[in-house]
Amino acid sequence: MQKNDLIIVTIEDMTTEGEGIGKVEGFPFFIKDSIIGDNIQAKIVKMKKTYGYARVEKILTPSINRVQPACDVARQCGGCQLQAMAYSQQLEFKRNKVKNNLKRIGGFQEIEVLPVIGMEHPWRYRNKTQVPFGMDKTGNIVAGFYAGRTHNIIDHEDCLLAPEINRKIIEIIKNYMKQYKIRPYDEKSQQGIVRHVLIRQGYTTGEIMVCLVINRKSLPKAEQLVEQLKQIPGMTSISYNINCENTNVILGETVVTLYGPSYITDFIGTIQYQISPQSFFQVNPIQTEKLYETALKYAGLTGNEIVWDLYCGIGTITLFLAQKAKMVYGVEIVEPAIQDARKNAEINQIQNAEFYVGRAEDILPEKYKKEQIKADVIVVDPPRKGCEQTLLETILQMQPKRIVYVSCDSATLARDLKYLCKEQYQIEKIQPVDMFPEGVHVETVALLTRKAQ
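If you're matching positions, the sequence shown starts at 5 in our numbering and goes up one per residue.
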């Protein structure tokens, strides 16, 4: 077998990234856009010594779990890897992903993983969208989403995961750029002005934020753009962000507000939050409430506990916990996020939450060493890379009654749980929550308790 050969293959399994796996004469192929049960004709695109990659040419017999993708650019766009799979099977795929990582990486053979908490309507759930702008080969302005593993923009203004109003906003920006001959940014030449637009919408409040990311210090004809955008019902904040660097990082450090306040507000449960362009805020508000309610339930608070919330962001989980704890301490490395967290505590009149700026891996060990701080409950919500070992060591030394680990990557979760459960702790519950329907990622909440000594 070699590149460009056609093969007939039945998909028997899937990778954690959503690629189908099928074998031809025992030789495995990874095939994007296929799901378990599909019998397909595929073209080989790359051969390695022990495996190959292929592309779907024709579906000969579809899986019983295959559905027609709702989006007409689902295959080209890199955002929705599971859109051809029935939603009930997406949830089972994610449950198995968590289960397999706990077994393979963590060595937890008999741990029950609860059914994934899914959505009743798994569409139009994103409260934040970042849309790149560019130029096609004929000189037309395009805006949409990157094709999988590339920076080629697929011109598509209406993502089915985002609010419908985004289409109108992108249309206005495109027309403004055409009218005033404002060119989109070109990555190769590093010329042009408009790089991205960031759109946020408050799920509860309906407030809308538009922030253009630009490759210069000011936005030409900004007043004219503001005049058009503010006609949209709910438009609350319009700004631009300056990013003149040759980088894949979307946002620069400086934001200039053109209209309204520099933030929008929204609620999770009864807690109100101010959200700026640079704030980290979970993108799925419906599922975020379920995620945080699970974390709060697992924390088992009675009103007498000291809680540490590590990687706290703008205080989303911290303020949730503060409703039922004696005192909560939040730690976050991003200073503007901590400023937002303090503001959010003030807005909600929460006085039993205190925040520290710095790496959790530095702050907690230092405070434990110097001040012998205590914790009844420790909550961690780290980035994909998980927790550093120095932090895990300090958590073990502090001996909290409960550890609640909120994870966006079940592989690093399994690794860290293996370390925490060597001697002192045991897993009580593992609850996945589907924050990203149609995509492969899944959030997981794990409850650990101290073993009886």
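Heads up, the beta-carbon is just placed ideally off N, CA and C, and yes, glycines get one too.
Rounded to whole angstroms, how far is the Cβ of residue i from the Cβ of residue j, which I believe are closer than 8 Å?
i, j, result
"residue 278", "residue 351", "7 Å"
"residue 198", "residue 214", "At roughly 12 Å, the Cβ-Cβ gap does not stay under 8 Å, so residue 198 and residue 214 are not in contact."
"residue 320", "residue 269", "About 13 Å; that fails the 8 Å criterion."
"residue 11", "residue 28", "5 Å"
"residue 230", "residue 262", "5 Å"
"residue 110", "residue 345", "Not quite, the Cβ-Cβ distance comes to about 31 Å (not below 8 Å), so this is no contact."
"residue 219", "residue 248", "6 Å"
"residue 430", "residue 396", "Rounded, the Cβ-Cβ distance is 15 Å, inconsistent with contact."
"residue 408", "residue 299", "5 Å"
"residue 303", "residue 406", "6 Å"
"residue 122", "residue 86", "So it is not a contact: roughly 12 Å between Cβ atoms."
Around the Cβ of residue i, are there at least 16 other Cβ atoms within 10 angstroms (buried) or fewer (exposed)?
i, result
"residue 50", "exposed"
"residue 64", "exposed"
"residue 251", "exposed"
"residue 204", "buried"
"residue 99", "buried"
"residue 135", "buried"
"residue 438", "buried"
"residue 119", "exposed"
"residue 37", "buried"
"residue 105", "buried"
"residue 140", "exposed"
"residue 182", "exposed"
"residue 490", "As displayed, the chain neither begins before 5 nor continues past 457, which places residue 490 out of reach and without an answer."
"residue 131", "buried"
"residue 144", "exposed"
"residue 292", "buried"
"residue 253", "exposed"
For residue i, which option in the options has the closest C-alpha, if you only look at C-alpha atoms?
i, options, result
"residue 191", "203, 418, 184, 155", "155"
"residue 306", "386, 381, 269", "381"
"residue 147", "108, 340, 121, 187", "187"
"residue 68", "41, 82, 83, 76", "41"
"residue 434", "344, 362, 112, 227", "112"
"residue 9", "56, 17, 25, 392", "56"
"residue 390", "448, 376, 430", "448"
"residue 404", "436, 421, 454", "454"
"residue 53", "73, 158, 62, 31", "31"
"residue 238", "220, 274, 211", "211"
"residue 255", "164, 280, 241, 273", "280"
"residue 276", "365, 354, 406, 86", "354"
"residue 153", "84, 228, 372", "84"
"residue 173", "375, 196, 241, 18", "241"
"residue 400", "385, 386, 421", "421"
"residue 265", "253, 257, 25, 243", "243"
"residue 374", "348, 424, 402", "402"
"residue 137", "123, 195, 377", "195"
"residue 456", "142, 425, 24, 393", "425"
"residue 245", "253, 16, 260, 22", "260"
"residue 171", "222, 189, 236, 228", "236"
"residue 442", "221, 59, 72", "72"
"residue 371", "348, 398, 25, 162", "398"
Using C-beta distances below 6 Å, list every residue in its chain close to residue i, excluding the 5 sequence neighbours before and after it, in chain order.
i, result
"residue 91", "126"
"residue 43", "14, 64, 65"
"residue 158", "77, 80, 81, 148, 149, 151"
"residue 226", "262"
"residue 271", "208"
"residue 74", "164"
"residue 360", "335, 367"
"residue 379", "310, 312, 402, 404"
Quick one: residues in its chain with C-beta nearer than 8 Å to the C-beta of residue i, no 5 flanking neighbours on either side, listed in chain order?
i, result
"residue 101", "20, 414, 444, 446"
"residue 388", "412, 413, 416"
"residue 5", "11, 28, 31, 48, 51, 56"
"residue 62", "44, 45"
"residue 70", "39, 41, 42, 63, 88, 89, 90"
Does at least one heavy atom of the ligand HEM sit under 7 Å from the Cβ of residue i?
i, result
"residue 323", "No copy of the ligand HEM appears in this structure; indeed no ligand is present at all."
Here's a check: name, in chain order, each residue in its chain whose Cβ is nearer than 7 Å to the Cβ of residue i, leaving out the five neighbours to either side.
i, result
"residue 232", "176, 180"
"residue 332", "311, 313, 322, 325, 326, 356, 357"
"residue 297", "none"
"residue 363", "337"
"residue 308", "330"
"residue 267", "241, 278, 279, 280"
For chain C, check one thing: does any of its Cβ atoms lie closer than 8 Å to the Cβ of residue i?
i, result
"residue 52", "Annotation note: the requested chain C is absent from the structure, which comprises a single protein chain."
Report the residue ranges of all beta strand (DSSP E) runs contained in full by the segment 142-195; include only those spanning at least 3 residues, in chain order. 145-150, 157-159
Mind pulling the beta strand (DSSP E) runs of 3 or more residues that sit fully within the segment 246-321? 258-263, 268-272, 275-279, 310-314
Alpha helix (DSSP H) runs contained entirely in the segment 189-233, provided each spans 4 or more residues: 226-233
Fully enclosed by the segment 314-370, which alpha helix (DSSP H) runs are 4 residues long or longer? 320-326, 339-351
Suppose only complete runs of 3+ residues qualify. What are the beta strand (DSSP E) ranges in the segment 408-455, listed by chain order? 429-437, 447-454
Curious, which full-length beta strand (DSSP E) runs of at least 3 residues does the segment 105-133 contain? none
Quick one: which unbroken beta strand (DSSP E) runs of 3-plus residues sit fully inside the segment 56-101? Chain order, please. 56-65
Of all the beta strand (DSSP E) runs that stay within the bounds of the segment 373-402, which reach a length of 3 or more residues? 381-384
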